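Visitor: In UniProt numbering, the protein residues as written are 1 to 155.
We put the beta carbon where it would ideally sit given N, CA and C, even for glycine.
Remember, predicted model here, so these are calculated numbers, not experimental data.
#1: Taking the beta strand (DSSP E) that residue 120 falls in, what are its first and last residues?
#2: Can you give me the C-alpha to C-alpha distance between residue 77 and residue 86, rounded to a whole angstrom?
#3: How many angstroms separate the CA atom of residue 130 from the CA atom of residue 73?
#4: Taking the continuous beta strand (DSSP E) assigned at residue 13, which residues delimit it?
#5: Given that a residue counts as buried once 16 or more other Cβ atoms are within 10 Å of its Cβ, and exposed if not, what is residue 148?
#6: Quick one: Cα of residue 27 to Cα of residue 18, how far?
#7: Who are the Cβ neighbours of residue 33 in its own chain at under 7 angstroms, not counting the five residues just before and after it?
#8: Under the assumption that residue 99 contacts residue 105 (Cβ atoms under 8 angstroms), give the Cβ distance between them as a whole number of angstroms.
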């Protein structure tokens, strides 16, 4: 019953604590600190830790990953080359079985939508599949739908 405001409040606190530090991105209890050199990283880390200390926040040592070349964050792999989908999510897409109903198709397309940035032709390729989700559409999985599904999986 009711809506909990705690997550939003915590996010707001984190943003206020860290908003002045370039290259620092808080997302609830996760914080990404990016830097091009180790020296920059240590300087930013020191500022973040001081902010947390002043706010009375504590960290769990086993949850801290410092100076790593890449990190998985919110379903993405982030490293010096940029941002990409995680290998596990790509595997889930490529190995997804053909949907048996609208609910399964909607779940699959939802996963693809999460990675829209990396699939510039997705709307065109998956158009036929999206038509199946229309509430007036009757579920009919045929050769053309299967082809579109398989094409978007390897895209």
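Guide: Short version:
#1: Along the chain shown, one-based indexing puts residue 120 at 120. No beta strand (DSSP E) holds residue 120; DSSP gives it neither H nor E.
#2: Your numbering for residue 77 matches position 77 in the chain shown. Your numbering for residue 86 matches position 86 in the chain shown. In a straight line, the C-alpha of residue 77 is about 5 angstroms away from that of residue 86.
#3: The sequence position of residue 130 within the chain shown is 130, counting from 1. The sequence position of residue 73 within the chain shown is 73, counting from 1. Going by the C-alpha atoms only, they are around 28 angstroms apart.
#4: Numbered from its first residue, the chain shown carries residue 13 at position 13. From DSSP, residue 13 is part of no beta strand (DSSP E) but of the alpha helix (DSSP H) over 6 to 18.
#5: Within the chain shown, the letter at position 148 stands for residue 148. Buried, because 16 or more other Cβ atoms sit within 10 Å of the Cβ of residue 148.
#6: Here residue 27 refers to the residue found at position 27 when the chain shown is read from its first residue. Here residue 18 refers to the residue found at position 18 when the chain shown is read from its first residue. C-alpha separation (whole angstroms): 11 angstroms.
#7: By one-based count along the chain shown, residue 33 stands at place 33. Cβ neighbours of residue 33 beyond the five flanking positions: 23, 24, 41, 44, 45 and 48.
#8: Working through the chain shown from its first residue, we reach residue 99 at position 99. Working through the chain shown from its first residue, we reach residue 105 at position 105. The Cβ separation is near 4 angstroms, so the contact holds.
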